[in-house]
């Protein structure tokens, strides 16, 4: 799993919980109606804005994003180079033995096409369509988290308004004013935390992840097309190096010295 | 009717109502002067900003958007392909029998032109003008909901200010302070809910719907022009496939295997 | 006068007044110092930002915008077509008899140039300069209302701060706290209402009006240039139809059937 | 000095002072620690963001902007035309007698170069560099006032928070609560006024002034290059008229009739 | 170290501390749970949004930015000119004696390549990659400070909500209400100060610094490539002058007179 995100969530909720525990108890911050308004309300607004099918697919996007580790470009270049060497020496069909060791479904699908003798152009076109689907899903995911990041604080405020209106409407028992306001404010707390610790940073991460995945997938497509066209391993590797970031290219150069 | 939007509204208002009902009664949240200020005020501002004619046409846009189901592109390609096959085999006039079964007025109008022998260029031009009208209406609709999404919370605040000023101006009876503030806040509640659960998500949906409708209408125009020019069904279908999204193209490919 | 804007203002202020009258009296919402801060302050800021000459010209812009009715494009095409027919049949000088019936000063000026035998290029250049002046005035007007829309709520808050500070500084008489706060809040009310019911919608309308006027003026320039060049009425009308919006073009087509 | 800005400031601060004086005294609105936080804090942030050298140069920019009157384009065209006529009739050296009567240092510098016989291209290049420096200073000035416009209200709020925290921390003497809150709020008042009456409008004016100065300087450069190249006065004047705004060109045309 | 930033921070925190000390003591503004929520929470959100590796590298960026002094362009042009003269007279190897006197690692690396006889194109390419890495780090640093500038006030508000909810939930002891609210507000104070005095201005400075460093590095790359290609010192210096800002070019011109 993506470690940074994990650390961030644990640390973030840990900080909040620690600060709460220093002066009170966590159960003061649980409020069922508030959670219904903040989370239920903004999820409902999400369904008004986006087609139901897309809202539900966002979980798949998140799972893919955080559970599937992307290979680093230099590592992937080496792997594709090794496969090209193998294909050169022992023929395309020898690639079949390597298939079980590959856990990336995108690469697996491409290699199967190479083994089946699919021409390079057709392979490239098919995988580009696959990549467009991935990008589209990422972009929709980012848009949803951005929308939630704006709508959660708004529904948090709606919940607080509900609580305040109910409390103010029945001021018979002054001793309950404080508790009523406390409960009312919990919804704003939910909205602010959900937006700032979860939704907005996740929207940023999805965007970064999408760029990263696009790069590595385009590198794979280029490499698989080279395999399909029977390019020599050396030519292939040198072409794939154009995909490296300046940082990585510098590290490669240092490693090569 | 558009199901997602429906589900979203029902769920959203349901969440709010449930949260209210847990600690009080819904009637606390009804306030006639507040509704006049929030909804009346922002609708009036809409009339200041947009020509009256356009404000009134927004209901038509919404009705079209939510009650008229758009065909899915692959489905439409098959339908146009079938019509092309029919026209090839039995001549254009045979299309007339199919007219009663078509409930989309845009397609009906196009088919009538094909049957009348309108040349392909003229047909294309006429339908493009029709499409521009539809897009213009959608764009205006989106702009209005965006404006309402910004203006409803503002008028909600205006209503709350009115309530607070009136309450503060007559503090004779301290027992009525709470109730006065509660009523004042209901207007902010109206504005926040109207903007975040209704107007802003609808603006987003109208935009998405506009893109979707533009795509399917352009597909229809292209297909009808092909019919008018007497293209062969196979050529026609393969050209129309360029309109498919990557997702749909992938599904078509899977289905074809 | 522009009816939509008129209706919007009457309805908007009517809603506010009605809501106020339901629970109190309108005079609670009059406060001279508050009005000085909100309206005086933001107008002063306008004078800091824009040259005095331009601030004063905004009234002319508004008057022109709301009191001068623009002809509809199809109507104008017919009028120019009729003038061209007249000029064809009886010569340019015959246009002179039509001048008194034309109440649009832009068109009057153009026709006078046609009658005087001004060459088409010179006429076009002169009227384009006139049009640029109009557009510049509209753009400045829009910028000012946008600025006021942002600055009115800010000065409303400044006024409320003044009221609160004065009230808090002299808490000797607790019975006056409520009244003091009420008066303080009236300024925020002024700022919010002025921005959301008047300035921001007017800025939007000025922009739309500017587009509309540009279109009709360019149509007029094109038509007058045609008159000056002695184009045939039919050629002239068909060229002017390129200025029609899709909506209008569709209606013309329907009318022609 | 620039009259509009002057009127705006006098009127704006006048309005505020008048509104204050109606119900209290101005001294309630003086608070040294508040001023330190609001003005000191945001100026410090300015020094963190911009190099010290640039922050200090902003005073020069303001002085130039408000104390140096820019000539109007038509007036400047006439002056340059007169100089060209003089140079034609009596030779370049005759321009020397006119130098003392010119109070614009940019024009003086250019004329000296013309008298010295500097070739037109060199003169143009040197003055363009001068103009770029002026524009760069204006742009930095605008950016600073925009930053202050955002940072003043924020530091105003910081000051109010300081006041509130100190007041709430020592509630021993309830009679001082009101006074404490009043003082705390003065800082927010400083921030809101400084941003909305001074900084944001000044940023707007600097931008407009920069456009205006660029125009007149480019007109001067063009005119001086013409002088240096020995262009005839008539050719020179007609070329410079291309710099006039549509408004001014219309007025010239009216004057010429 | 960068003096302006230093002065800004000292002055800014000095203003705040002075204002606080005038009416109370600094220790009222220390609150451990508040600091945990504001700083811990927004740093955690940073880790959710950016890869851990990049978050940690931001300290290096800051250190480089504020401890490493960049040479001024005219000064650097003179230094490169002197090196070129030396290389012309005594050969490239003579540059080796100058290496210990150069404390800029970028320049040192480039000179070593020149001494080793690296061809100009290869040298340029290698240093461009190095420069891209620097720019990428700066851009990420700016993005992080912008994100913190938005997220610190949000977490400040979350902390204040926690404090208020806990205080309102236990109103048994009315004498502690004030102190509770004071503590709650300290978190908002942290967020506002951190964002407006530290993060947002630093984001602005990083951007300006990045532009400045890009300019001087490109000047160095151009100069080193000239050295490697054996350009004459005069040609080299005159080409490098194209990198000077208008301000600097004017000063050079004045100095040359």
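Chains as they are written, first to last, in this note's numbering: chain A, 21 to 277; chain B, 21 to 277; chain C, 21 to 277; chain D, 21 to 277; chain E, 21 to 277.
We treat Cβ as the ideally placed atom computed from N, Cα and C, and that holds for glycine.
Straight-line gap, residue 207 (chain B) to residue 177 (chain B) (C-alpha atoms, nearest Å): 7 Å
Looking at residue 241 (chain A) and the ligand GTP, is the gap between the Cβ and the nearest heavy atom below 7 Å? Absent from the structure shown: the ligand GTP. Ligands present: none.
Where does the unbroken alpha helix (DSSP H) through residue 25 (chain E) begin, and where does it stop? 23-43
Taking the alpha carbon of residue 45 (chain E) as the reference point, which residue from D:40, D:190, D:85 has its own alpha carbon closest? D:190
Residues in its own chain within less than 6 Å of residue 21 (chain A) by CB, not counting five upstream and five downstream? Confidence in residue 21 (chain A) is poor, its pLDDT being 49 and thus under 50, which makes the residue's placement unreliable; the coordinate value appears in the next sentence. Taken in chain order, the residues that qualify are 86, 87.
Cα-Cα separation between residue 205 (chain C) and residue 184 (chain E), rounded to whole angstroms: 25 Å
Roughly how many angstroms lie between the CA atoms of residue 82 (chain C) and residue 235 (chain D), to the nearest whole one? 29 Å
Where the stretch 260-273 of chain A meets chain E: residues whose CB sits under 7 Å from a CB there: 266, 267, 269, 270
Counting pairs of Cβ atoms below 8 Å between the stretch 43-58 of chain B and the stretch 61-76 of chain A, do you hit three or more? no
Excluding the 5 residues flanking residue 16 (chain E) on each side, which residues of the same chain have their C-beta closer than 8 Å to its C-beta? This structure does not reach residue 16 (chain E), given that chain E is present from 21 up to 277, and the question cannot be answered.
Among the candidates B:237, B:223, B:43, whose CA atom is the shortest distance from the CA of residue 264 (chain B)? B:237
Spatial distance of residue 192 (chain D) from residue 89 (chain D) (CA atoms): 58 Å
Under a three-way DSSP split, which group does residue 122 (chain B) fall into? coil
Below 8 Å between beta carbons: does that hold for residue 115 (chain D) and residue 107 (chain D)? yes
Between A:186, A:239, A:247, A:97, which has its C-alpha nearest residue 201 (chain A)'s C-alpha? A:186
Using a Cβ-Cβ cut-off of less than 9 Å, give me the residues of the stretch 27-54 of chain C that come near chain D, in sequence order. 52, 53, 54
Extent of the continuous alpha helix (DSSP H) run through residue 67 (chain A): 61-69
To the nearest angstrom, report how far apart residue 36 (chain A) and residue 171 (chain A) are at their CA atoms. 22 Å
Smallest Cα separation from residue 229 (chain A): which of A:157, A:149, A:275? A:157
Please list, in chain order, all residues of the same chain as residue 78 (chain A) whose beta carbon is under 6 Å from its beta carbon, the five residues on each side excluded. 161, 164
For residue 171 (chain C), which of helix, strand or coil comes out of DSSP? helix
Looking at the structure shown, is residue 199 (chain C) part of a helix, part of a strand, or coil, going by DSSP? helix
Whole angstroms are fine: how far does the CA of residue 92 (chain B) sit from the CA of residue 258 (chain B)? 16 Å
Contacts of residue 206 (chain C) in chain B (Cβ-Cβ under 9 Å): 181, 185
What are the residues in the stretch 220-242 of chain A lying within 8 Å of chain H by C-beta distance? In summary, chain H is missing from the structure at hand, where the protein chains are A, B, C, D and E.
Proximity to residue 250 (chain E) [Cα-Cα], best of E:155, E:111, E:29, E:61: E:111
Residue interval of the alpha helix (DSSP H) (run including residue 105 (chain E)): 93-110
Strictly below 7 Å CB to CB, what residues from chain E border residue 57 (chain D)? 35, 36, 39
Cα-Cα separation between residue 182 (chain D) and residue 212 (chain E), rounded to whole angstroms: 11 Å
By Cβ distance below 6 Å, which residues in the same chain neighbour residue 217 (chain E) in space, the five residues on each side in sequence not counted? 32
Just how far apart, CA to CA, sit residue 252 (chain C) and residue 267 (chain B)? 55 Å
CB contact check: residue 212 (chain B) to chain C, cutoff 8 Å: no
By alpha-carbon positions, which one of E:241, E:180, E:64, E:94 ends up nearest to residue 152 (chain E)? E:241
Just how far apart, CA to CA, sit residue 149 (chain E) and residue 143 (chain E)? 10 Å
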